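The sequence shown lines up with residues 1 to 359 when you count with the UniProt record's numbering.
Let me begin by presenting the structure, written as structure tokens, before commenting on it.
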Amino acid sequence: MQKETTINWVTTIFLILTPIVGIAGTIWLASDRGIPYQTWLLFLFMMFSTGVGITAGYHRLFSHRAYKASFPVRIFFLLFGGAAFQSSVLEWSSDHRIHHRYVDKEEDPYAITKGFWFAHILWLFKKREYTLQNIPDLKEDKWIVLQHEYYLPISIFMCFFFPGLIAWTWGDFAGGVLVAGFLRLSINHHFTFFINSLCHFKGSQPFSDKHTAKDNWFLALFTYGEGYHNFHHEFQADYRNGIRFFDYDPSKWLIKAFELLGLAWDLKRIPDEQIFRKRVQMDEKRIRQKWENRSVSLPEEWESGLETRKRSLLELQSEWTAQKESRDKTKNKELESKFRSELKSWKRLISGDGTSMVS
Ligand SMILES: [Zn+2]
Ligand SMILES: [Zn+2]
1 MQKETTINWV
11 TTIFLILTPI
21 VGIAGTIWLA
31 SDRGIPYQTW
41 LLFLFMMFST
51 GVGITAGYHR
61 LFSHRAYKAS
71 FPVRIFFLLF
81 GGAAFQSSVL
91 EWSSDHRIHH
101 RYVDKEEDPY
111 AITKGFWFAH
121 ILWLFKKREY
131 TLQNIPDLKE
141 DKWIVLQHEY
151 YLPISIFMCF
161 FFPGLIAWTW
171 GDFAGGVLVA
181 GFLRLSINHH
191 FTFFINSLCH
201 FKGSQPFSDK
211 HTAKDNWFLA
221 LFTYGEGYHN
231 FHHEFQADYR
241 NGIRFFDYDP
251 SKWLIKAFEL
261 LGLAWDLKRI
271 PDEQIFRKRV
281 QMDEKRIRQK
291 WENRSVSLPE
301 EWESGLETRK
311 RSLLELQSEW
321 TAQKESRDKT
331 KNKELESKFR
341 SELKSWKRLI
351 SGDGTSMVS
């Protein structure tokens, strides 16, 4: 009797062959006749548009509904997200919503708890049944449904023939297909797979340690800003992943640019106060753990001291946030400096082992 296989051979072979074709094809073209600079520019354009097609489109727009977008933007994401060959919006979003709901548990489709390589790529090698029950909102959008029905022809065209035809205008059809198609696809695949593997593996957890998601600025450089994954798992409704203005998050900047152009609206932002509170709670949890590791019971003055410091920090932060709206610059400055100095001493406390609270 033949043993039943659960391997999805089509995906497995595709994911193994595409990098081989991309790398070998690029080397062959480069050594045979050189690759024109226009083809490399097209490669970069395709990298970015298919990358954000997944992050700003499939992820933040369709899966999390973190903002609303106009018809041309949605079509752009359906086409270029499709060119990233990561399945249709319906399947991708269904998986992703399950990932958030059951993160690290058995049901999580790419649970890091099943191993680094499983979360990175091996989960895709397994044959899976899609019920698509958790995406009723997306099923109502006829264009999303159309993309699902014609996923294969759309993706094949957008991934390989579209760059091929563009590059054909400067006489480099093969370069368009092999460099801006195959090579770009494989690199982008692994860049976005990093979000499921490395972003649940290495980095800091400023907002929560109840799950494995990590913040990692270095990974943000390769994941179109999705490296701030600890924040994202805590506040999935927010259209941003990197919340500070200097955090490298091109997906956030693109969405903001769409808003300025009138192409996107209703951008969801978790209030600063709520984010800050979560951060302080996590700090408190850490300092308590450090003290508990010393295996001595907490002195009363420590408990009350910590509570007072925390309360005053949170109060100052909310006072300052409320004051920001007003035009009273002197009062603003005064509250800001009070808050900053309180924050500084809080950070000092957190970075130590907490003994300063009783000494
Ligand atoms: Zn995740
Ligand atoms: Zn997400």
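Ideal placement from N, C-alpha and C gives every residue a C-beta, glycine not left out.
Owing to the predicted nature of the structure, the values given are computational and were not obtained by experimental measurement.
Cβ distance (whole Å) where residue i is taken to contact residue j below 8 Å
{"i": "P163", "j": "A174", "result": "Actually they are not in contact, since the Cβ atoms of P163 and A174 sit about 11 Å apart, beyond 8 Å."}
{"i": "K252", "j": "N241", "result": "7 Å"}
{"i": "F85", "j": "S197", "result": "Their Cβ separation, rounded to whole angstroms, is 18 Å, which puts F85 and S197 out of contact at 8 Å."}
{"i": "V73", "j": "F258", "result": "6 Å"}
{"i": "residue 415", "j": "Y67", "result": "There is simply no residue 415 to check, as the chain begins at 1 and stops at 359 in what is shown."}
{"i": "I280", "j": "L314", "result": "Rather than Ile, the amino acid found at residue 280 in this sequence is Val. About 6 Å separates the two Cβ atoms, so the contact holds."}
{"i": "I112", "j": "F201", "result": "6 Å"}
{"i": "W170", "j": "I75", "result": "Incorrect: roughly 26 Å between the Cβ atoms, too far for contact."}
Own chain partners of residue i with C-beta closer than 6 Å, once the 5 adjacent residues on each side are dropped
{"i": "V103", "result": "H211"}
{"i": "M1", "result": "With a pLDDT of only 45 at M1, under 50, the local geometry of the prediction cannot be trusted, and no value is derived from it."}
{"i": "A69", "result": "L61, A264"}
{"i": "T12", "result": "F125"}
Contact set for residue i: own chain, Cβ-Cβ below 8 Å, skip 5 residues either direction
{"i": "residue 401", "result": "In the structure displayed, the chain extends from 1 to 359; residue 401 sits before or after that span and is not available."}
{"i": "M282", "result": "Q205, P206, F207, S208, D209"}
{"i": "C199", "result": "A213, K214, N216, L219, T223, E226, G227, H229"}
{"i": "D238", "result": "A66, F231, H232, K268, R269, I270"}
{"i": "T6", "result": "K126, K127"}
{"i": "L15", "result": "I121, L124, F125, H189"}
{"i": "R286", "result": "I350"}
{"i": "S326", "result": "N332"}
{"i": "W168", "result": "G176"}
{"i": "I35", "result": "T26, L29, D172, G175, V179"}
{"i": "G262", "result": "S70"}
{"i": "K324", "result": "N332"}
{"i": "K139", "result": "L90, L132, V145"}
Beta-carbon contacts of residue i that lie in its chain and below 7 Å, excluding the five residues immediately before and after
{"i": "F222", "result": "F191, F194"}
{"i": "E336", "result": "W320"}
{"i": "residue 360", "result": "For the chain, the structure presents residues 1 to 359; residue 360 sits outside this window and is missing."}
{"i": "N188", "result": "M47, T50, G51, A84"}
{"i": "Y130", "result": "E91, S94"}
{"i": "L254", "result": "V52, A56"}
{"i": "F339", "result": "L316, Q317, W320"}
{"i": "C159", "result": "A83, F85, G181, L185"}
{"i": "P19", "result": "S186"}
Practice task
Check whether the region 231 to 240 touches the region 270 to 286, taking contact to mean three or more Cβ pairs, one atom from each stretch, closer than 8 Å.
Solution key: yes
Practice task
Decide yes or no for the touch test of the region 199 to 210 against the region 40 to 48: beta carbon pairs closer than 8 Å, at least 3 of them.
Solution key: no
Exercise for the section: Mind the definition here: the region 59 to 74 touches the region 107 to 124 only if three or more C-beta pairs lie below 8 Å; say whether that holds. Expected result: no
Handout entry: contact_flag[the region 177 to 194, the region 20 to 30] where n(CB pairs < 8 Å) is 3 or more
Key = yes
Exercise for the section: Report yes or no: do the region 67 to 84 and the region 51 to 58 share at least 3 C-beta pairs separated by less than 8 Å? Expected result: yes
Practice task
Go through the region 136 to 185 residue by residue and report every complete run of the alpha helix (DSSP H) that reaches 4 residues or more, in order.
Solution key: 136 to 139, 142 to 149, 151 to 156, 162 to 168, 173 to 177
Handout entry: Complete alpha helix (DSSP H) runs within the region 212 to 278 (minimum length 4 residues, chain order)
Key = 217 to 220, 229 to 234, 250 to 260
Exercise for the section: May I ask you to verify whether the region 340 to 356 touches the region 296 to 313, counting CB pairs closer than 8 Å and requiring at least 3? Expected result: yes
Problem - Ranges of the beta strand (DSSP E) found wholly within the region 49 to 125, counting only runs of at least 3 - result: none
Practice task
Examine the Cβ distances between the region 96 to 116 and the region 124 to 144 and report whether three or more of them are shorter than 8 Å.
Solution key: yes
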